[in-house]
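Some notes on the structure that comes next.
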Amino acid sequence: MRIPTTSFTLALLLVACGTAATDVGEAVAQGASAQAPITAEQPFAAKDFIETQVARFDSPWAMTPAPGGGFLVTEKAGTLKYLPAGANALARTVVGVPKVDAAGQGGLMDVVFRPGTDMLYLSYSEGGAGGKGVVLARARFVQDAKTGPRLDNVETLFRTPKVDGNGHYSGRIAFAPDGHLFFTAGERQKFDPAQDPKLTLGKVLRLTADGKPAPGNPLATKGFDPAVWTYGHRNLLGIAFDAKGNLWEQEMGPKGGDELNLILPGRNYGYPLVSNGDHYDGRPIPDHPTRPDLEAPKASWNPVISPAGLMIYSGALFPAWRGNAFIGGLSSKALVRVAIDGTTAREAARYDMGARIREVEQGPDGAVYVLEDGPNARLLRLTPKP
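Throughout the sequence shown, residue numbering follows mature numbering (1 follows the signal peptide of the UniProt record, and there is no 0), covering -21 to -1, 1 to 365 in sequence.
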């Protein structure tokens, strides 16, 4: 560990995490999971798809299909772009976006529509008294033929605690089949908050659509902040539900130990007590098997892939991929396909994309859309080879 174990961390080891709300998925929630095999660096697989450039963006971070077609794409510096459907469409800037603090890893982050509505949920970093934190906000997305796309009635729903630093914001959003909102909050490179029951940092949070702690959260009666669903996380950069309603999450490990986790209510995922990686200064962290009472990842990577984005495919264009998870790779410059079988997962293929991949999304047409990282980044549409 980076710093000595504190008293609240020791106390948490005595917290029982078994019984909890059971409205998410059909994963069995009895006992901590066994350690999954660690995936070593894999050779690139042959591409069974073709890549078509759709558009370019300036340091994009996330994207989501828009009602009526097209996509919304966030850019790190704070610009939200609407890309209409159709060939040769030009992206348009959406007005009304809140001001963001884009220093370091901060900026305009995730963007997701509440299913079946034009209500857009977005996350971004902001500065203020005490440092910087993440905001979860909601607005109505309006496509005005005369004035262009805009956000109306922007309202703040939730804020993470402000601390100093510019890293590990996380800020990913996913709606559960029952309508609850899941939100990821990174530990902000502070280590101990991930195990602190009073803080929402280093946690997966379960909220109502209005940003309030959801009723029935499993740790609310055990001294935790009432919004907490799971804890012991580092930098959570992807979250998605599969067709069975199981919630999956990926996060960057330290030096080694990137993870894909099956999120079960009330569980402790171990960081910084355990990890399959080490601290960047070389100090070891105990591996997951040393603490079988903590929840181990379903897949782990060492060397790292530097995961960004998570999508579980359900379309018709690639029948063989249905139920597979897709993760963008930053340092690995790859698109990683993970086969999910019930509650187990393994890397099935790694595709060389030749650039850092920041986001992956499924389009309404069943194609896979991939966003590169950095300035002048491409949005690519992947379709089957003829």
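Even glycine gets a Cβ: it sits at the ideal position worked out from N, Cα and C.
| message | Would K55 and A82 qualify as a contact pair, given that the criterion is a beta-carbon distance under 8 Å? | response | no
message: Rounded to whole angstroms, what is the Cα-Cα separation between G107 and N214?
response: 22 Å
Flag this pair as yes or no: are the beta carbons of I336 and L296 separated by less than 8 Å?
no
How would you call E20, buried or exposed, if buried means at least 16 neighbouring beta carbons within 10 angstroms? exposed
Residues of its chain near T323, where Cβ-Cβ distance is below 8 Å and the 5 sequence neighbours each way are ignored
A15, K277
Alpha carbon to alpha carbon, how far is A318 from R35? Give it in angstroms, no decimals.
-> 30 Å
Cα-Cα separation, F170 to F154: 27 Å
Examine the ligand ZN and report whether any of its heavy atoms sits within less than 7 Å of the Cβ of L296. Here there are no bound small molecules, and the ligand ZN is not part of this structure.
Quick test of your reading: V142 and K182, contact by CB under 8 Å. State the CB separation rounded to the nearest angstrom.
At roughly 14 Å, the Cβ-Cβ gap does not stay under 8 Å, so V142 and K182 are not in contact.
DSSP on P268, reduced to helix/strand/coil? helix
Query raised in the report: Is DSSP giving A173 helix, strand or coil here?
Result: helix
Three-state class that DSSP yields for A164 in the structure shown
strand
Any chance the region 179 to 196 sits against the region 118 to 128, with 3 or more Cβ pairs inside 8 Å?
-> no
To the nearest angstrom, how far is it from the Cα of R71 to the Cα of I29? 26 Å
Check: Does the Cβ of K125 have 16 or more other Cβ atoms within 10 Å, making it buried, or fewer, making it exposed?
Finding: exposed
Note to self: I'd like to know whether the C-beta atoms of P140 and G112 end up nearer to each other than 8 Å.
What the structure shows: yes
query = Smallest Cα separation from Q341: which of G202, K312, G48?
reply = G48
Run through DSSP, which three-state label would P44 get?
strand
Practice prompt. Out of D175, G288, P63, Q84, state which residue places its alpha-carbon closest to the alpha-carbon of G146.
Written response: Q84
Residue of E134, S285, F92 minimising C-alpha distance to P46: F92
| request: Measure the CB-CB distance between P286 and G307 and report whether it falls below 8 Å. | output: yes
With DSSP run on the structure shown, which of helix, strand or coil describes K111? strand
**Prompt:** Where does K364 sit, in a helix, a strand or coil, going by DSSP?
**Reply:** coil
Hey, out of G127, H159, P271, whose CA is closest to P94's CA?
H159
Inset, instruction - Could you tell me whether the region 269 to 276 touches the region 246 to 254, where touching means 3 or more Cβ pairs closer than 8 Å? - result: yes
Q: Please report the residue range of the beta strand (DSSP E) in which D143 lies.
A: Per DSSP, D143 belongs to no beta strand (DSSP E) and is neither H nor E.
message: Closest to T163 by C-alpha separation, out of V347, V133, L216, would be which residue?
response: L216
Hey, K364 and D27: beta-carbon distance below 8 Å or not? yes
Exercise for the section: Would you mind reading off the limits of the beta strand (DSSP E) that contains N240? Expected result: 237 to 242
Practice prompt. Kindly identify the DSSP beta-bridge partner or partners of K182.
Written response: A164, Y210
| Spatially closest choice to P156 from E105, T135, A219, by CA coordinates | A219
So the candidates are Y61, G65, L115; which of them puts its Cα closest to the Cα of E136?
Contrary to the premise, residue 136 reads as Leu rather than Glu in this sequence. Taking only the C-alpha atoms, the option nearest L136 is L115.
What is the rounded straight-line gap between the Cα of G75 and the Cα of D97?
-> 15 Å
*Looking at the unbroken beta strand (DSSP E) that takes in P286, where does it start and where does it end?*
286 to 291
Exercise. Do L69 and V90 come within 8 Å of each other at the CB atom, strictly closer than that value?
Worked result: no
*Spatial distance of I291 from A304 (CA atoms)*: 4 Å
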